[in-house]
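Colleague:
Protein chains in written order, with UniProt numbering: chain L, 1 to 379; chain P, 1 to 347.
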């Protein structure tokens, strides 16, 4: 197998006015025997590697943090199976599941957000804005408040709430196909209704349930165990290949329905499939950790900016090319685990749920996003 | 059309039809009658059902019975509903005219959320407990978010989608903040969880007396702005030619909308969609002339708010559904219907 530089794949920037001779080549093609070739975005691969490293490092630090601190070297030794009895129990049974749930939830949210933003063709079309997170929260609140259900029942309720909301959203936005802006605006309407229902459920609860509900609604990783890890892992194992197989169609969709159709993409089917996957990913993540705010909004945006060639970054008005699904996924995982570690370090163990940290950071990022997108005339 | 006719009359009454004024005036009288009926229903209906005779005694001649107390309680609730409803409807109508945006609503644009966040901050961190204290915070929050949404939505180039997105995004961020406050402070949770839904249940004479001046001033300002806002519907240049000052009108309209929704939010908590639904329903009958839309919105918005409150009391008797929940459940479908119409999304 030989590696050749492939200058043609950087056609966008040249047409944007950059001289061809100075344009950095960010894409390489791996050519194999029999005419098979694979286009490789070197920069994206680098970003993915760095983000994975960050996520795993933060994970190890997070395992070491708590009422009983464990140095990183001991954590690593325990993880490969050569730890001492006490540390082994703490790491394996108490803290490792929490970190894994954090990684998986972050990954699901990052990927789900990237899909939603690509399908709605809007940087703000994330599950937070569309009302999916609130829908999942409504399902969970119903279980907590009306039935005082167990943790498992709350998870199922959240899953059901998210799926019902996603279905309602799609049906309500359907009018000879689903148009991106209509989806966003219908989502805003749905989210307002569901938020009111959530508020009502909280007022109906007695005080203990209300406090539990509010903590749940902020999104938290406290006390997560192996029973939450396996379903998430299974879902990712099924959905990830499915989504990546359709990533090509998604890339075409960004150019508009007509162009995508002309290029041979079955627009309606790809969009339905990807929206359904995004709804499933978001609902499952919300069911496991609660509606952690803004990860789904922020991760794909940051991933896009990182993977963008430097000479395109900040170029006014230039459309950001292609959804970056894998970088978004890694970014989500890195963001969530790092935020959880930060909240544990800054406020003490289990004092403040991770959702507060992502909420504050995400809010700031959101404002910045609104300003820059407006300045570039893209919003 | 502006060249060969005196501009002022045509501009101020774009949809004037012969005899239209009379019909619209009659409609206003009918609306007021409907409002009176709903207000009476709001006094009579509730956990304890009152007969018309009991309502009459409670209102006009004390019979010294238990019914009088109930009427007294429900009277302040009804009056607050009247005031808040009118304020929300007016502020929605003004915002829709100002932003030329069919989806503008103090709830959707995040102005209510801004007021809520400021009030929660005042209660939790500054120890303000009286309504007269935190109403100022509500104004501050409402004004700050209003300006921010206007700026982020693209000021004069704002489209409905941009404004709605900016408003929703800011609401989401502010609700996150509210939740953080409620988690860290149990006492705040106890007080705030009822207020953040939007309810008329805590109304007292004191509440009404404290917000009345603001609501009266805001309403007067909004009603006075009908003419210049009408002129601005044709664009800044035409408005200037017609003698209106676009910048001043814009600033005053924003002030009116902020004072109205800020005061209403401070008194009853954030209530969404009233300001969206009523001006729309009214416009289909009156046409685009704000001199009719605004009075109609003033009269009919309380019909919606009080009606929703009565429904909330009937549905969950003997407990009740907060009015903010009922308006959201009623208003959400209306909003979605508007979005599904082609014009709204294409704007």
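Backbone N, C-alpha and C define an ideal beta-carbon position, used for all residues, glycine too. As the structure is a computational prediction, the values presented were derived from the model and not from experiment.
Between which two residues does the alpha helix (DSSP H) harbouring residue 267 of chain L extend?
Modeller: First-last of the alpha helix (DSSP H) with residue 267 of chain L: 267-289.
Colleague: Listed from N- to C-terminal order along the chain, which residues in the stretch 318-330 of chain P have their beta-carbon within a distance smaller than 7 angstroms of any beta-carbon of chain L?
Modeller: 321, 322, 324, 325, 328, 329
Colleague: Could you check if residue 213 of chain P is buried or exposed, using at least 16 other CB atoms within 10 Å of its CB as the buried criterion?
Modeller: exposed
Colleague: Could you check whether the Cβ of residue 201 of chain P sits closer than 7 angstroms to any Cβ belonging to chain L?
Modeller: no
Colleague: Go ahead and pull the three-state DSSP assignment for residue 103 of chain P.
Modeller: coil
Colleague: Residues of chain L with CB closer than 9 angstroms to the CB of residue 83 of chain P, please, in chain order.
Modeller: Chain L residues near residue 83 of chain P: none, gap ~21 angstroms exceeds 9 angstroms.
Colleague: Relative to chain L, which residues along the stretch 260-292 of chain P have a C-beta separation below 8 angstroms, given in chain order?
Modeller: Answer in chain order: 272, 273.
Colleague: Thinking just about the alpha-carbon of each residue, which of L:281, L:190, L:49 is nearest to the one in residue 171 of chain L?
Modeller: It is L:190.
Colleague: If you pair each beta-carbon of the stretch 88-97 of chain P with each one of the stretch 39-51 of chain P, do three or more pairs fall below 8 angstroms?
Modeller: The answer is no - the stretch 39-51 of chain P does not touch the stretch 88-97 of chain P, with fewer than three Cβ pairs under 8 angstroms.
Colleague: Please say whether residue 284 of chain P and residue 88 of chain P have beta carbons closer to each other than 7 angstroms?
Modeller: no
Colleague: Which word fits residue 319 of chain P, buried or exposed, when buried means at least 16 other C-beta atoms lie within 10 angstroms of its C-beta?
Modeller: exposed
Colleague: Quick one: which chain L residues come within Cβ less than 8 angstroms of residue 88 of chain P?
Modeller: Those within 8 angstroms of residue 88 of chain P in chain L number zero; the least Cβ separation is about 14 angstroms.
Colleague: Return helix, strand or coil for residue 82 of chain L, following the three-state DSSP convention.
Modeller: Of the three classes helix, strand and coil, the one that applies to residue 82 of chain L here is coil, per DSSP.
Colleague: Let me confirm a value: residue 205 of chain P is counted as buried when at least 16 other C-beta atoms fall within 10 Å, else exposed. Which label applies?
Modeller: exposed
Colleague: Which of the three DSSP states, helix, strand or coil, is assigned to residue 233 of chain P?
Modeller: coil
Colleague: For residue 292 of chain P, which residues in the same chain have their Cβ closer than 6 angstroms to its Cβ, ignoring the five residues on either side in sequence?
Modeller: Excluding sequence neighbours, residue 292 of chain P sits near 24, 286.
Colleague: Under 9 angstroms, CB to CB, which of the residues in the stretch 353-370 of chain L have a partner in chain P?
Modeller: 353, 355, 356, 358, 359, 360, 362, 363, 364, 366, 367, 369, 370
Colleague: Excluding the 5 residues flanking residue 239 of chain L on each side, which residues of the same chain have their C-beta closer than 7 angstroms to its C-beta?
Modeller: Only 277, 280, 281 meet the Cβ criterion.
Colleague: Which chain P residues are close to residue 203 of chain L, counting only those with a beta carbon under 7 angstroms from its beta carbon?
Modeller: 193, 194, 197, 322
Colleague: Can you tell me whether DSSP reads residue 31 of chain L as helix, strand or coil?
Modeller: strand
Colleague: What number of angstroms, rounded off, separates the C-alpha of residue 125 of chain P from the C-alpha of residue 228 of chain L?
Modeller: 37 angstroms
Colleague: Could you check the C-alpha separation between residue 306 of chain L and residue 214 of chain L for me, to the nearest Å?
Modeller: 34 angstroms
Colleague: Rounded to whole angstroms, what's the CA-CA distance from residue 54 of chain L to residue 346 of chain L? Just pull it up for me.
Modeller: 19 angstroms
Colleague: Sorted by chain position, which residues of the same chain lie with C-beta nearer than 6 angstroms to residue 113 of chain P's C-beta, five sequence neighbours on each side aside?
Modeller: 171, 174
Colleague: Taking Cβ-Cβ distances shorter than 7 angstroms, what residues in chain P pair up with residue 89 of chain L?
Modeller: Ordered by position in chain P, no residue passes the 7 angstroms Cβ test against residue 89 of chain L, which lies about 29 angstroms from the chain.
Colleague: If I measure Cβ to Cβ from residue 115 of chain L and keep anything under 8 angstroms in the same chain, skipping five residues before and after, which residues do I get?
Modeller: 243, 250, 274, 275, 277, 278, 281, 323, 325
Colleague: Which value, in whole angstroms, describes the spacing of the CA atoms of residue 106 of chain P and residue 128 of chain P?
Modeller: Their Cα atoms are separated by approximately 24 angstroms.
Colleague: For residue 266 of chain P and residue 131 of chain P, I'd like the C-alpha separation in whole angstroms.
Modeller: 7 angstroms
Colleague: Using 7 angstroms as the threshold, is the C-beta distance between residue 295 of chain P and residue 92 of chain P below it?
Modeller: no
Colleague: Run through chain L and tell me which residues come within less than 8 angstroms of residue 339 of chain P, C-beta to C-beta.
Modeller: 182, 185, 186, 189
Colleague: Got a sec, what are the start and stop residues for the alpha helix (DSSP H) residue 110 of chain L sits in?
Modeller: 96-120
Colleague: So, is the C-beta of residue 199 of chain L closer than 7 angstroms to a C-beta in chain P?
Modeller: yes
Colleague: At a Cβ cut of 9 angstroms, what residues of the stretch 167-186 of chain P count as close to chain L, listed as they run along the chain?
Modeller: Look at the stretch 167-186 of chain P: the residues with a C-beta under 9 angstroms from a C-beta of chain L are 167, 168, 169, 170, 171, 172, 173, 174, 175, 176, 177, 179, 180, 182, 183, 184, 186.
Colleague: Between residue 303 of chain P and residue 323 of chain P, what straight-line distance do the alpha-carbon atoms span, to the nearest angstrom?
Modeller: Between residue 303 of chain P and residue 323 of chain P, the alpha-carbon positions lie close to 12 angstroms from each other.
Colleague: How many Å lie between residue 232 of chain L and residue 32 of chain P at the Cα?
Modeller: 57 angstroms
Colleague: Whole angstroms are fine: how far does the CA of residue 182 of chain L sit from the CA of residue 144 of chain P?
Modeller: 28 angstroms
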